[in-house]
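What follows is a short report on a single structure.
Numbering (full-length UniProt numbering), first residue to last: 1 to 204.
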């Protein structure tokens, strides 16, 4: 959220807020400022440690709720829900060593090229992109990484296996599908142009 968006949103809410008691007005102002600060911070920070990210997420939610305890306005509650939703998107997903080995062992049956793309709006997926790249590279595959903008309708699994025709998979597409299954990685097969893995947040 930019400063302009923050000011615009708060201005629209002000006619309602100003009719409330002074204590509630102060509470809403504090909640608005805190939500803006947290959003700005989360948009700019890149955390490499999953443990640190989880601790940060829990601490922010706890602190936010503590400041809004008592007579919390309805609008403040909505802000809490929005913050929790945003923090859920920061959950880090990685492949385990066993999953990486399982993918590598399956891909060794055939050499190929694999593009691994991620939603540009989800920087927390970079570790997962790296894991898939390592698994494929260890099998002798050539990989490339890219970021995509404007993705919509995220699949429940958060992993899309894009193929040319799901009803008639090519040998290369078949082995990638088998590798994901062998590793126990949930995924959705999607018809598109060219073989690639697209990583997004989960829709569920």
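Built from N, CA and C at the ideal position, the CB exists for glycine as well. None of these values were measured; they are calculated from a predicted model.
By the neighbour-count criterion, in which a residue is buried when 16 or more other Cβ atoms sit within 10 angstroms of its Cβ, residue 116 is buried.
For residue 99, the uninterrupted alpha helix (DSSP H) run begins and ends at 97-107, by DSSP. When only Cα atoms are considered, residue 178 and residue 106 end up about 7 angstroms apart. The residues 99, 102, 103, in chain order, have a CB closer than 6 angstroms to that of residue 183 in the same chain once the five nearest residues on each side in sequence are set aside. Secondary structure note for residue 176: its alpha helix (DSSP H) is the uninterrupted segment 171-182.
Around the CB of residue 196, 16 or more other CB atoms lie within 10 Å, so the residue is classed as buried. DSSP, read as helix, strand or coil, puts residue 137 in helix. A Cβ-Cβ distance of about 16 angstroms is found for the pair residue 109 and residue 142, leaving them out of contact under the 8 angstroms criterion.
According to DSSP, residue 196 shares a beta bridge with 115, 162. Cα atoms of residue 94 and residue 132: separation of roughly 9 angstroms, rounded to the nearest angstrom. Minimum Cα-Cα distance from residue 189 among the listed residues 155, 111, 147, 122 corresponds to 155. Taking each of 160, 126, 127 in turn and checking the Cα distance to residue 186, the smallest one comes out for 160. Ranking 191, 180, 158 by CA distance to the CA of residue 168 puts 191 first. Beta-bridge annotation (DSSP): residue 146 is paired with 117. An exposed status is given to residue 165, since fewer than 16 other beta-carbon atoms sit within 10 Å of its beta-carbon. Taking all protein chains shown into account, residue 145 has fewer than 16 neighbouring C-beta atoms within 10 Å of its C-beta and is therefore exposed. If you look at residue 153, you'll find it isn't in any beta strand (DSSP E); DSSP assigns it neither H nor E. Between the alpha carbons of residue 134 and residue 97 lies a distance of about 10 angstroms. Pairing residue 175 with residue 198 gives a Cβ-Cβ distance that is not under 8 angstroms. Residue environment analysis places residue 59 among the exposed positions, since fewer than 16 neighbouring C-beta atoms fall within 10 angstroms of its C-beta. Secondary structure of residue 190 (DSSP, three-state): strand.
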